[in-house]
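Heads up, the thing below is written out as structure tokens.
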Amino acid sequence: MNLSRRTTVINIMRTTTLLIILIVLEIPKIEGHGRLIEPPSRASAWRYGFSTPANYNDHELFCGGYTKQHQGNGGKCGECGDAYDLPIPRPHEYGGKYGQGVTVRKYNPGSSITIRVELTASHMGYFEFRLCDDINARQKCLDKNLLKIISGSPFISFPNDLSTRFYPRNGSRIYEIRAQLPKELECQNCVLQWKYIAGNNWGICKDGQGAVGCGPQEEFRACSDVAIGKGAVSAIPTIKPPVKVPVKPTTDKWPINRPDDTENEIDHDHDDHNTQVETNEEANKPNPVSNFYGAFIAMFTFFLVLLAIAAIYIYYYHGDFLKQILRRGQNSQNQKVPLDGSSASSIISTDMLPPLPIRPPRTKRLSQTLRDIEHNSSSIMGSDKDVV
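Count the sequence shown with the working numbering and you get residues 151 to 538, in order.
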């Protein structure tokens, strides 16, 4: 093999190896999805009876994807999970397709609220929740009110930032968190933001060491429209599945209750809502076939790439040997003769024909020894006797 051919083979193998690495790294990204279901986000409110546009991909608010966010948009993301480079208002922001400003929950200032997040596959990482008193909900406004985490399931004890972060670790399930609202914040058009920073990618940490969870990570976001005011009780609609026609909940008047009974009624409403969540959990349970569909495609592509590498290697390094095998097979096929002999002449190769006769060597004529034989002379050379 000459130098140019060897260089070509090396370049091809390097390219295919890089492709395999990219495919393997993309496998875990295919499975990961999540949505904010309590309070229902702008993308998921239609699932719980609110007359908002249906987003059937409400579990894919991941800033346009890892590559889009970190390579195309420099790590930036829309406040509610849209790709940063989309025109404003983005689809899930106020004024966009799904940002209709429909209030889904009402809370008392300073109360503890229940937040539920559904993940189809846990990518490690952590949750954070923020609150803005402006319906437009720019990130600077959201960052002013990072909610305090009171409790959650499952509970991780080792991180030192558990007061504001929740760490999902139990894979595919619904995670329930209790968070504390600010006491001094009141608004009729607040926006609650869920931010999920995954932690399953390999990257470089601040100390210069490489580890899983360091560096840029996949990110999910979602926004819910809520109201916070004194005497407010979360208006959780009672929905009997299956929900065929979405019904917009009544938001004309806030029910007024005695201060002593407010917390009890809130807890009672949350208990009633648990049954609703369990029912909707069955309806929204991901299909196991679809969860592994992307992984199957990636593995099949990986198998095809391996076959291509093997074919290239055999062709360039063992091509002559294969050609000899093919020639031998062709010769053996040509030597086969049909039993009926009908078309033997058409398939018998020239190698099977008998050899041509060899011409005898040419000799000079012995004119001196040969003579004409008379009719009465003997035909035996050297005899002078006449035939009687």
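Don't be surprised by glycine CBs; every beta carbon is placed ideally from N, CA and C.
C-alpha of R319 to C-alpha of R192: approximately 26 angstroms in a straight line.
DSSP, reduced to helix, strand and coil, places G302 within a strand of the structure shown. Looking at the DSSP output, F279 bridges to W344. Here DSSP, grouped into helix, strand and coil, assigns T264 to strand.
A contact is defined here as three or more CB-CB pairs under 8 angstroms, and the region 284–296 meets this definition with respect to the region 337–354. Closest option to F370, judged by alpha-carbon separation, among A361, V362, E278: E278.
Listed in chain order, the non-local C-beta contacts of P309 below 7 angstroms within the same chain comprise R315, Y317, local neighbours out to five positions each way being set aside.
Close CB contacts of M274 within its chain, under the 6 angstroms cut and outside five residues either way in sequence, are with G349, N350 (chain order).
For P237, the number of other beta carbons within 10 angstroms of its own is below 16, and it is reported as exposed.
The alpha-carbon separation between A271 and K333 amounts to approximately 35 angstroms. Non-local beta-carbon contacts of C227 in its own chain, meaning distances under 7 angstroms to residues more than five positions away in sequence, involve C213, Q219, Y234, E369, R371 in chain order. Around the Cβ of N207, a 10 Å sphere holds fewer than 16 other Cβ atoms; the residue is exposed.
Here F212 carries a coil assignment [DSSP, helix/strand/coil]. Scanning I300, K473, L312, L211 for the CA closest to the CA of L269 turns up L211.
Residue burial annotation: L292 is buried, with at least 16 other C-beta atoms found within 10 angstroms of its C-beta.
Taking 8 angstroms as the cut-off, the Cβ atoms of R280 and E188 do not count as close. Y325 has V267 as its beta-bridge partners, per DSSP. Collapsing the DSSP output to three states places C373 in a strand.
Membership of L297 in any beta strand (DSSP E) is not indicated, and neither H nor E is assigned to it by DSSP.
Within the region 196–262, the complete beta strand (DSSP E) runs of at least 3 residues fall at 255–257. Burial check for S374: the Cβ neighbour count within 10 Å reaches 16 or more, so the residue is buried. Looking at the backbone, the Cα of G184 and that of P241 are separated by about 18 angstroms. T202 sits buried, since 16 or more C-beta atoms from the chains shown fall within 10 Å of its C-beta.
For C291, the three-state secondary structure derived from DSSP is helix.
Distance from the Cα of E229 is smallest, within the candidate group A461, Q367, K290, for K290. Contact between N258 and K380 holds: their C-beta atoms lie close to 7 angstroms from each other, under 8 angstroms.
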